[in-house]
Amino acid sequence: MFWYDSPGDFGFAASVCQGRFLSMNMYFIHIADGACIITAIIVLHKLSGTSLQGRDRNIILESQNKWELPVPYILDKNLNAKGVILRAFEQIRLKTCVDFKPREEEPHYILVIKDDGCWSYVGNQHGGNQSLSIGQWCDHIAIVEHEFLHALGFWHEQSRYDRDDHVTIVWENIEEGKEHNFLKHTSSSTTTLGTPYDYLSVMHYDKDAFSNGNGSTIITNQPEYQDIIGQRQDMSANDILKLRMLYNCTSAVTFLDSCNFEDEKLCDMTFYDFNAEELGLDFMTLVGRGFFMHCNTAFGKVGDGAKMQSRRMNPKRQFQCLQFFYYHSGSDQDQLNIWIREHVKEGNAKETIRPSQSFWKLHHVPLNATKPFQVEFEVRKGAGISSGGFSIDDINLSETECPHHVWHITNFDKFLTNSTVGTTLLSPRFLTREGYGVQLLLYLYSDRFGIFFRLVSTDWDEQLQWPCARRQVTMLLLDQRHHIQQRMSRQFTGECKFSFCVSLLNHIVLWKVGRLVNDSSGGSYYAGPSFGYRYFLYFDAFWSGNFLKGGDVFFLLRGADYIMTLQQD
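Set out below in structure tokens:
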């Protein structure tokens, strides 16, 4: 899962599909009318001996193969990827109306198992328990999304009947016996739901799928997408659109609101000033970078303020997350207060922001509204001299869990441009709520960067429980598009393995055998071994994505299920 270059010993592969695998590390396999369909993209998959019934379909199955929502499922007790699966469910809930629920007495349901690799039937087979495997090396969120999109009714993107208008299949470069993987379907038996061909789809083959070593098997008609097809970051905008259309979505399960101030009417916000003659809210713009909301505190008197209030929202869950960017160029005594106003009691201030800074900052506010509520941004002028005020942009509100920490890296574009292979970037040290110390490491390779984490010593180590195995950290590089439903962030979950997470043995602290690190403040700490993902993101995918804004990037740290929760030390 972590730092390995190859999946290891796959002797069983010889008996699967008559041993017809490529000389590559990573594959997708899917079951279609008994045919051995293998996609060389991410991980090794296994073909079940059971075939699908009915005629072959293309990207979307017909209505009889759709699931009734919410989709019932059972997670097998032997799974070790439950946290990643639950996060994939959350991504689908955030962006569509498709929901999932633990199976009760439903006759047809998805049984998620840990088999030899990753595979799925396509659509609802109406056969009772329908297996879907998330096996070893498959516990990446985009791979889980890929498999569940198959289960929900999706076939691969390049099997569309109009694919020849967008890609060229280089048949002479395909390994002998694998040509059937590149067959396309007819317009009389398939539908594209009127959507354009999607090079960015999480369901698209990689450019070198099933190559015999003589070159790429797929050439994009638009060259700029040649190195992008086969991406496994997240579902694309068109993947989401097709899933919404297939299941007749008019809303999303956990999405509540979004506002980037490009159009005042779209934000559905109410704005007003109080006790102010010159202080107020106004739309402002940076040339070529869009609009944001600004409250000028350079004028007026202490206590003057302005408010911006959201529409009323009806929560379905008991937790929400408010995310926004802000820039504070005023006095350190100025205040930005975040209020939640439930319509059964007085509102309570959830957050107060004071210190000014010279860059845009990402901020999260966990909420726990259980009744209809509104979110209110309130700026109050404080004492001291102000030459600016508070600016707010890219507000997103959803019924999801907030990340537990943010690693904000400024001037990351310059870091990538000016650094050499082998350069390491260290995050601040973080504490879990249990008191375990954690630190992230970003490591540069020639064509990509990896992301790792390690345990670090704290003053509370002797009071903690050891071993601390089964703790996980999810590291997410934020796609900085305005709307949370349009983002294709890159993330990876790393688990603290037993052998790396033993700090106390026979009541002797073993950090002394770790590496002593001297920090920039003059202090020191011990660091354990690092483990993570060396193929986190290739440079071409980074530069072509939306991860960078103003030269800065944001890594979000979070946990789920039994995953460790982080908070700043």
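Numbering (my numbering), first residue to last: 1224 to 1792.
For each residue, glycine too, the CB sits at the ideal point set by N, CA and C.
Note that the structure is a prediction, hence the values are computed from the model and not measured.
CA-to-CA distance, residue j to residue i, given in whole angstroms
| i | j | result |
| --- | --- | --- |
| K1324 | N1537 | 21 angstroms |
| T1413 | R1383 | 8 angstroms |
| I1632 | E1622 | 27 angstroms |
| V1294 | E1398 | 38 angstroms |
| L1372 | S1747 | 48 angstroms |
| M1492 | Q1353 | 45 angstroms |
| L1292 | Q1348 | 15 angstroms |
| K1337 | A1304 | 9 angstroms |
| L1466 | E1565 | 33 angstroms |
| G1773 | D1636 | 9 angstroms |
| T1415 | Q1686 | 59 angstroms |
| I1794 | I1608 | Because the chain spans 1224 through 1792 in this model, residue 1794 falls outside it and cannot be assessed. |
| R1603 | C1490 | 22 angstroms |
| N1437 | K1318 | 40 angstroms |
| Q1703 | L1585 | 10 angstroms |
| P1330 | G1351 | 5 angstroms |
| R1386 | W1562 | 51 angstroms |
| K1594 | L1664 | 41 angstroms |
| P1626 | N1619 | 13 angstroms |
| G1523 | A1529 | 11 angstroms |
| C1341 | L1298 | 14 angstroms |
| Y1659 | D1616 | 34 angstroms |
| M1468 | N1741 | 55 angstroms |
| H1705 | E1657 | 34 angstroms |
| T1681 | F1638 | 29 angstroms |
| D1527 | P1589 | 27 angstroms |
| F1475 | C1544 | Note that residue 1475 is Ala in the sequence shown, not Phe. Approximately 15 angstroms between the Cα atoms of the pair. |
| H1628 | R1781 | 7 angstroms |
Neighbourhood of residue i by C-beta, 6 angstroms cutoff - its chain only, sequence neighbours within 5 removed
| i | result |
| --- | --- |
| A1764 | none |
| S1614 | F1515, H1517 and Y1550 |
| S1642 | L1667 |
| F1405 | I1392 |
| R1534 | D1491 |
| R1713 | Q1456, L1700 and L1760 |
Coarse secondary structure for residue i, derived from DSSP in three states
| i | result |
| --- | --- |
| Q1445 | coil |
| W1583 | coil |
| N1404 | helix |
| H1373 | helix |
| A1204 | Nothing about residue 1204 can be reported from this structure: the residues present for the chain run from 1224 to 1792 only. |
| F1433 | coil |
| R1738 | strand |
| Y1657 | The sequence as given places Glu at residue 1657; Tyr does not occur at that position. Here E1657 sits in coil by DSSP. |
| E1368 | helix |
| E1380 | helix |
| K1465 | helix |
| E1574 | strand |
| D1775 | strand |
| N1303 | coil |
| Q1348 | coil |
| A1606 | coil |
| R1652 | coil |
| T1681 | coil |
| A1592 | coil |
| A1311 | helix |
| L1292 | coil |
Per DSSP, cross-strand counterpart(s) of residue i
| i | result |
| --- | --- |
| S1621 | F1478 and C1544 |
| L1687 | L1687 is not bridged to any residue. |
| I1297 | L1334 |
| M1698 | F1715 and L1780 |
| F1675 | L1664 and G1755 |
| E1601 | K1530 and N1560 |
| C1472 | Paired residues: none, contrary to the question. |
| T1647 | Y1666 |
| F1493 | The amino acid occupying residue 1493 in the given sequence is Thr; Phe does not appear at that position. Partner(s): Q1532. |
Cβ-based neighbour list, residue i, same chain, cut-off 7 angstroms, excluding 5 preceding and 5 following
| i | result |
| --- | --- |
| G1605 | V1525, S1554, Q1556, D1557 and Q1558 |
| L1739 | S1747 and Y1749 |
| G1645 | L1667 |
| L1649 | Q1662 and L1664 |
Same chain only: Cβ atoms within 8 angstroms of residue i, ignoring 5 sequence neighbours per side
| i | result |
| --- | --- |
| Y1296 | F1323, K1324, P1325, R1326, Y1332, I1333, L1334 and V1335 |
| A1521 | G1553, S1609, S1610, G1611 and G1612 |
| S1669 | V1644 |
| L1771 | F1635, D1636, Q1703 and F1765 |
| K1430 | S1439, T1440, I1441, I1442, T1443, Q1449, D1450, I1452 and G1453 |
Any non-hydrogen atom of the ligand GTP closer than 8 angstroms to residue i Cβ
| i | result |
| --- | --- |
| D1339 | Within the structure as shown, the ligand GTP is missing, as the structure has no ligands at all. |
Determine, using beta-carbon pairs with one atom in the segment 1304-1315 and one in the segment 1352-1365, whether at least three such pairs fall under 8 angstroms. Contact between the segment 1304-1315 and the segment 1352-1365 is present: 3 or more CB-CB pairs across the two stretches fall below 8 angstroms.
Does the segment 1440-1449 come into contact with the segment 1383-1395, if we say contact requires no fewer than three beta-carbon pairs (one atom in each stretch) closer than 8 angstroms? Yes, the segment 1440-1449 is in contact with the segment 1383-1395.
How about the segment 1425-1432 and the segment 1458-1475: do they share at least three Cβ pairs that are nearer than 8 angstroms? Flag = yes, the segment 1425-1432 and the segment 1458-1475 touch.
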